[in-house]
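See structure below.
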Amino acid sequence: MQPLLRVERLYKTFRKSKEQVYALKEISLQIARGECLGVVGESGSGKSTLGKVILALERPDSGEVWLDDVPLLQLKGAALREQRQHVQVVFQDPNASLNSKMPIWRSIMEPLDNFPDVMPPFLSGKRTDRIGLAAQLLELVGLPLDHLARYPHELSGGQRQRVAIARGISLNPKLLVCDEPTSSLDVSVQAQILQLLKSLKQTLGMSYLFISHDIASVQYMSDRMIVMKDGEMIDEFASSELTHQDRHIYTKLLVEAAS
Amino acid sequence: MNGKLTAELSLPLRRSHAGRQMLHNRAMMLGMSLLGIIVLLALFGPIIVPNDPLTVQMGDRLLSPSWQYPLGTDHLGRCIFTRLVIGAQLTLGISAIVIVTVIVLGVPLGLISGYIGGRFDSIIMRLVDGMGALPEFIFAIAFAGFLGPSLPNLIFAIVLVKWIGYARVVRSVALSEREKEYVLAAKVAGCSTWTILRRHLLPQMISPVVVLAALDIGKIIMIISMLSYLGLGAQPPTPEWGAMLNDGRPYFQSAPQLMIYPGLAIMAIVIACNLLGEGLREALDVRSR
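For the protein sequence lines, the chains are Y and U, in the order given. By the numbering used here, the letter at position 10 of the first sequence is numbered 10, and the numbering carries on one by one without gaps. By the numbering used here, the letter at position 135 of the second sequence is numbered 394, and the numbering carries on one by one without gaps.
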């Protein structure tokens, strides 16, 4: 079967005091339908840039991203906005990714408000009943309904991240990019958020691109993993084979450092 | 369920931290009261003033304060108190028009310049740099002089030099906000550029612009008075504070009240605006530039 997402030969450089540094160097990868691809790397390895290119938030110097045969990077304006419903995101810091001046229900409903024709199969009721839909989304991520009227600063970090996840899944996207979704959270909360993401993936059948520097959480979440270093993809393997003998030396170092 | 929820959603009547802090700031409360008094005087001026501001009575020239003329009369026998009160209307009115115009002009330009960038940003920034090279007083004098002395030209000249500060502040906030995750998240959520500017970035501008405007009103009043003093703004016999200063200049030795009272009025309103602006800045926690 054809993969959901194909990334072809992405290059991106930036200048760092006269030197050209690669943020992405010949990155090619594929994500199958329903698959979770994990991306591991230290900070500065280009993994977040990769996520942003796939989200069409940053332009690479060259290369292409195909989503179901649609070349994402060729799109502009209204066509690009229309395509955005298929690729959604959960960012690292829910404190920064929610507008502090908007109540929770408006943040959750923002994507659906922008796409009035989209009705995710996991929601029921009338499309015009915005608060009803927001309530269902809140329920899906395990938050009590009275949080709808609250503001982000009244919620804990974990609760805010659940709100960000509710937003991310609200359009029933084909791909959800999770960019370090647990890195800003307490250790005890991290596991809950990972569990939530994993169970949502099973019930909703989305594909994930799961980016993290935490090799253990990537292994827990993903079916397949890639390892990035200095903008290059240096290793790729099934998550169950993380500790195999023929891993790249850098992957072994990462595993060793994590254990 | 939804009825109850809807009711709950309309509750955000929360006590604001900023509001409480303002009440405890004495200097700011002083500024606010002072400004309140001046505004009330300006609003109800025509009712309370004892005389006509324009009637010349050569028999009553340069009188000392009395019940009929609370602050005495000027060189043409006009009541100074009446002229000050009516002048407050003019000063406050002009500065309000200027402030509203520069905000309406500067905020959208700064937003577009900072968020969208590109060629538009370069043009705006060259303008800002060019205008920033000389003090705004000088530019205002040049513009007003070039356009000819009248009140609309005075307003135009001040707007021309003042929108820059607003565009610059808004641009720098937009620049720092546009890479933040909530803006990126809004983009991914399918918001148009216009929606992002209006819904997500514009609310971030309220605090800095309010503080800037409050601190700026004092300066704007100074420019208005100064241009009028130089004869480039309000024309005689209009009762404008700066023009009154100019009128009183030849009589300063013999009848200093002609200059002292308008001078005090300008000082009071500028101090009031600055105290208010400083207080707002503290309360709204906007970093000073």
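Think of the CB as a built atom: it goes at the ideal place given N, C-alpha and C, for glycine as much as any other residue.
For residue i, decide whether its Cβ has a neighbour in chain U, counting only Cβ atoms nearer than 8 Å.
i: residue 111 of chain Y; result: yes
i: residue 207 of chain Y; result: no
i: residue 172 of chain Y; result: no
i: residue 187 of chain Y; result: no
i: residue 115 of chain Y; result: yes
i: residue 84 of chain Y; result: yes
i: residue 240 of chain Y; result: no
i: residue 255 of chain Y; result: no
i: residue 88 of chain Y; result: yes
i: residue 96 of chain Y; result: yes
i: residue 91 of chain Y; result: yes
i: residue 76 of chain Y; result: no
i: residue 59 of chain Y; result: no
i: residue 55 of chain Y; result: yes
i: residue 101 of chain Y; result: yes
i: residue 167 of chain Y; result: yes
i: residue 9 of chain Y; result: no
i: residue 127 of chain Y; result: no
i: residue 6 of chain Y; result: no
i: residue 81 of chain Y; result: yes
Are residue i and residue j closer than 8 Å when you measure CB to CB?
i: residue 449 of chain U; j: residue 114 of chain Y; result: yes
i: residue 125 of chain Y; j: residue 112 of chain Y; result: no
i: residue 177 of chain Y; j: residue 63 of chain Y; result: no
i: residue 542 of chain U; j: residue 294 of chain U; result: no
i: residue 447 of chain U; j: residue 55 of chain Y; result: yes
i: residue 85 of chain Y; j: residue 173 of chain Y; result: yes
i: residue 536 of chain U; j: residue 470 of chain U; result: yes
i: residue 165 of chain Y; j: residue 204 of chain Y; result: no
i: residue 4 of chain Y; j: residue 175 of chain Y; result: yes
i: residue 228 of chain Y; j: residue 38 of chain Y; result: no
i: residue 460 of chain U; j: residue 426 of chain U; result: no
i: residue 67 of chain Y; j: residue 118 of chain Y; result: no
i: residue 287 of chain U; j: residue 534 of chain U; result: yes
i: residue 499 of chain U; j: residue 314 of chain U; result: no
Counting only beta-carbon separations shorter than 8 Å, does residue i have a partner in chain Y?
i: residue 445 of chain U; result: yes
i: residue 440 of chain U; result: yes
i: residue 300 of chain U; result: no
i: residue 373 of chain U; result: no
Within a Cβ cutoff of 8 Å, which residues of the same chain sit near residue i, ignoring the five residues on either side of it in sequence?
i: residue 488 of chain U; result: 501, 502, 504 and 505
i: residue 1 of chain Y; result: 32 and 33
i: residue 242 of chain Y; result: 215, 219, 225, 251 and 255
i: residue 158 of chain Y; result: 185, 186, 189, 192 and 193
Could you tell me the distance, in whole angstroms, from the CA atom of residue i to the CA atom of residue j?
i: residue 345 of chain U; j: residue 280 of chain U; result: 34 Å
i: residue 184 of chain Y; j: residue 467 of chain U; result: 29 Å
i: residue 25 of chain Y; j: residue 144 of chain Y; result: 44 Å
i: residue 98 of chain Y; j: residue 440 of chain U; result: 8 Å
i: residue 142 of chain Y; j: residue 192 of chain Y; result: 10 Å
i: residue 127 of chain Y; j: residue 105 of chain Y; result: 15 Å
i: residue 89 of chain Y; j: residue 179 of chain Y; result: 7 Å
i: residue 138 of chain Y; j: residue 212 of chain Y; result: 25 Å
i: residue 277 of chain U; j: residue 540 of chain U; result: 10 Å
i: residue 299 of chain U; j: residue 509 of chain U; result: 32 Å
For residue i, collect the residues of the same chain with a Cβ closer than 7 Å to its Cβ; drop the 5 residues on either side in sequence, then sort them by chain order.
i: residue 331 of chain U; result: 322, 323, 324, 339 and 516
i: residue 404 of chain U; result: 491
i: residue 520 of chain U; result: 330, 339 and 343
Leaving out five residues on either side along the sequence, give the residues of the same chain with a beta carbon under 6 Å from the beta carbon of residue i.
i: residue 402 of chain U; result: 416 and 419
i: residue 395 of chain U; result: 420
Return the residues of the stretch 447-471 of chain U that lie within a Cβ-Cβ distance of less than 7 Å from chain Y, sorted by chain order.
Residues are counted here when their Cβ sits less than 7 Å from a Cβ of chain Y; for the stretch 447-471 of chain U these are 447, 448, 449, 450, 451, 459 and 462, given in chain order.
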